[in-house]
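Trainee: Residue numbers for the sequence shown follow the UniProt record's numbering, beginning at 1 and rising by one.
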Amino acid sequence: MAPASFTQNSKKVCVMDASGSLGSTLVERLLHKGYTVHAAAQNHGELQCFEGEHYDNEKLRVFHSDPLDYHSIMDALKGCSGLFYSFEPSSDQPTYDEFMAEVEVRAAHNVLEACARTDTIDKVVFTSSATAVIWRDDRNTMSSDIDERHWSDINICRKFKLWHALSKTLAEKTAWALAMDRGVNMVSINGGFLMAPPHLTIKNPYLKGAAEMYEDGVFVTVDLNFIVDSHICIFENVSSYGRYLCFNHVINCNKDATKLAHILLPPSEACSPERLEDTRVYQQRISNKKLNKLMVDFES
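#1: Under three-state DSSP, which class holds Thr-201?
#2: Please classify Met-1: does DSSP put it in a helix, a strand, or coil?
#3: Are the Cβ atoms of Met-16 and Ala-76 separated by less than 8 angstroms?
#4: Give the straight-line distance between the Cα atoms of Val-13 and Lys-59, rounded to the nearest whole angstrom.
#5: Who does Met-195 pair with in a DSSP beta bridge?
#6: Can you say whether Phe-298 is buried or exposed, counting buried as having 16 or more other CB atoms within 10 angstroms of its CB?
#7: Give the single residue among Ile-234, Asp-122 and Ala-211 whose Cα lies nearest to the Cα of Val-184.
#8: Would you kindly report the start and end of the unbroken alpha helix (DSSP H) that includes Ser-21?
#9: Can you round the beta-carbon distance between Leu-112 and Leu-178 to whole angstroms, since I take them to be within the 8 angstroms contact cut?
#10: How is Cys-80 classed by DSSP in three states: helix, strand or coil?
#11: Bridge partners for Ala-41 per DSSP, in chain order?
#12: Under 8 angstroms between the Cβ atoms of residue 301 and Glu-98?
#13: Compare the beta carbon distance of Ala-132 and Thr-174 with 8 angstroms and say whether it is the shorter of the two.
#14: Is the CB-CB distance between Met-195 and Leu-224 below 8 angstroms?
#15: Is the segment 185 to 194 touching the segment 228 to 245 in the sense that three or more CB pairs, one from each, lie closer than 8 angstroms?
#16: Keeping to the same chain, check which residues put their C-beta closer than 7 angstroms to that of Asn-155; ignore five residues upstream and five downstream.
#17: So, for Asp-153: in the same chain, excluding its five sequence neighbours on each side, which residues have a beta-carbon less than 8 angstroms away from its beta-carbon?
#18: Check the DSSP bridge columns for Arg-117 and list the partner residues they point to.
#19: Exposed or buried, which one is Pro-89 when buried takes at least 16 other CB atoms within 10 Å?
#20: Please state whether the Cβ-Cβ distance between Ile-263 and Leu-207 is less than 8 angstroms.
#21: Along the chain, where does the alpha helix (DSSP H) that runs through Arg-139 open and close?
#22: Would DSSP call Ile-251 helix, strand or coil?
#23: Do you know offhand how far Ser-81's Cα is from Thr-118's?
#24: To the nearest angstrom, how far is it from the Cα of Glu-236 to the Cα of Gln-284?
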């Protein structure tokens with residue numbers, strides 16, 4: 001029988017950044033499943049929602065943790081067996097531009113280096129994006145669907161100013177290089193466009209190039225509950241490995257595109273007469289079979 005300390009430690013995890021919709025929902029779900037959680041965010045004030053009577057204080061610790069501050073990362077990871085990591089731009093620079101890639105790469109490097117130096121970390125679940133997969137010159141001529149084996153071309157990202165895709169691609173590649181070099185057990189989740197506030201705005205940087213994604217059959221979205229379940233499933237499943245494309249809907253016909261437009265745009269802009277007449281359905285050219293296979297037996 002495993003020692004009690006091992007059992008306790010294996011159920012202690014860190015969520016960073018815990019202040020966004022993905023991170024905060026992960027914290028809630030993990031606490032509900034009996035984990036002890038270190039909730040870490042750049043802005044400590046954003047985590048006040050976790051500090052009420054609703055949560056068992058013995059199971060939850062809140063940390064200020066700047067991904068550019070190595071020591072604050074180490075503090076948050078102390079005693080944890082796992083890390084769920086996602087990058088959220090800081091409040092003073094809330095959107096993506098050509099310089100954000102440098103910040104996100106440095107953050108990924110710091111976090112993976114800290115994991116390598118933390119004796120207790122057994123697994124890192126690294127949240128990336130489908131934008132780190134889909135932007136390739138040959139995506140229309142490939143004989144098979146795009147999946148997690150593919151990477152976005154950083155030259156194309158730079159050429160068309162796809163800053164979100166550039167940042168996610170470079171940061172994820174940096175994390176993988178360091179994980180392999182330092183022997184960190186890492187798995188990445190390449191999520192589609194997240195259908196949850198505050199992401200539901202036409203200004204979301206993920207949506208740069210949305211028309212091309214739509215016509216190429218690679219415009220994918222993911223519900224918050226599904227991506228949270230995917231994170232936990234991948235963490236708990238000892239056979240999980242590599243990258244996983246994570247989505248549960250493909251926007252490839254007029255009905256779905258119009259529905260999304262109504263969510264993202266004001267009513268006057270959401271529906272043009274030309275759009276109503278468009279009956280084309282674009283062939284889906286992206287696959288999440290690897291994740292679906294893993295999720296078959298998972299109970300949320």
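Glycine included, every Cβ here is placed at the ideal spot set by N, Cα and C. Note that this is a predicted model, so its numbers are computed, not measured.
Mentor: On the basis of the supplied data:
#1: The residue labelled residue 201 in the question sits at position 201 within the sequence shown. In this structure, Thr-201 counts as coil in the three-state DSSP scheme.
#2: Position 1 of the sequence shown, counted from the first residue, corresponds to residue 1. Low local confidence applies: a pLDDT of 32 at Met-1 is under 50, so the model's placement there is unreliable, with the coordinate-based value given in what follows. When secondary structure is reduced to three states using DSSP, Met-1 falls in the coil class, being assigned neither helix nor strand.
#3: As a working note, residue 16 is residue 16 in the sequence shown. As a working note, residue 76 is residue 76 in the sequence shown. Yes, they are a contact pair.
#4: Numbered from its first residue, the sequence shown carries residue 13 at position 13. Numbered from its first residue, the sequence shown carries residue 59 at position 59. Their backbone Cα atoms lie some 10 angstroms apart in a straight line.
#5: Counting from 1 along the sequence shown, the entry for residue 195 is found at position 195. Paired residues: Asp-223.
#6: Looking up residue 298 in the sequence shown gives position 298. Around the beta carbon of Phe-298, fewer than 16 other beta carbons lie within 10 angstroms, which makes this residue exposed.
#7: Sequence index remark: in the sequence shown, residue 184 carries index 184 (1-based). The shortest C-alpha separation from Val-184 is found at Asp-122.
#8: To locate residue 21, count along the sequence shown from 1; it is residue 21. For Ser-21, the enclosing alpha helix (DSSP H) begins and ends at 21 to 32.
#9: Looking up residue 112 in the sequence shown gives position 112. Looking up residue 178 in the sequence shown gives position 178. Leu-178 and Leu-112 do touch by the CB rule: their CB atoms are close to 4 angstroms apart, below 8 angstroms.
#10: Residue mapping note: residue 80 aligns to position 80 of the sequence shown, counting from 1. Three-state result, Cys-80: coil.
#11: Counting from one through the sequence shown, the residue named residue 41 turns up at place 41. Paired residues: His-64.
#12: Here the chain covers residues 1 to 300 and nothing more, so residue 301 does not appear.
#13: Translated into the one-based positions of the sequence shown, residue 132 becomes position 132. Translated into the one-based positions of the sequence shown, residue 174 becomes position 174. Taking 8 angstroms as the cut-off, the beta carbon of Ala-132 is found no closer than this to the beta carbon of Thr-174.
#14: Indexing the sequence shown from 1 puts residue 195 at position 195. Indexing the sequence shown from 1 puts residue 224 at position 224. For Met-195 and Leu-224, yes; Cβs fall inside 8 angstroms.
#15: Because the criterion of three Cβ pairs below 8 angstroms is met, the segment 228 to 245 and the segment 185 to 194 touch.
#16: By 1-based counting over the sequence shown, the position of residue 155 is 155. Within its own chain, no residue has a Cβ closer than 7 angstroms to the Cβ of Asn-155 once the five positions on either side in sequence are excluded.
#17: In the sequence shown, the residue the question calls residue 153 occupies position 153. Answer for Asp-153: Trp-135, Arg-136 and Asp-137, listed in chain order.
#18: In the sequence shown, counting from the first residue as 1, residue 117 sits at position 117. When beta bridges are read from the DSSP output, Arg-117 appears opposite no residue.
#19: Within the sequence shown, numbered from 1, the residue matching residue 89 stands at position 89. Flag for Pro-89 reads buried.
#20: Here the question's residue 263 lines up with position 263 in the sequence shown. Here the question's residue 207 lines up with position 207 in the sequence shown. No, these two residues do not count as a Cβ contact at 8 angstroms.
#21: Here residue 139 refers to the residue found at position 139 when the sequence shown is read from its first residue. Counting along the chain, Arg-139 falls outside any alpha helix (DSSP H), and DSSP gives it neither H nor E.
#22: For this step, residue 251 is matched to residue 251 along the sequence shown. Residue state for Ile-251 is assigned as coil, using DSSP reduced to three classes.
#23: Locating residue 81 in the sequence shown gives position 81, where the first residue counts as 1. Locating residue 118 in the sequence shown gives position 118, where the first residue counts as 1. Going from the Cα of Ser-81 to the Cα of Thr-118 covers about 9 angstroms.
#24: Residue numbering aside, residue 236 sits at position 236 when the sequence shown is read from its first letter. Residue numbering aside, residue 284 sits at position 284 when the sequence shown is read from its first letter. Roughly 30 angstroms separates the two Cα atoms.
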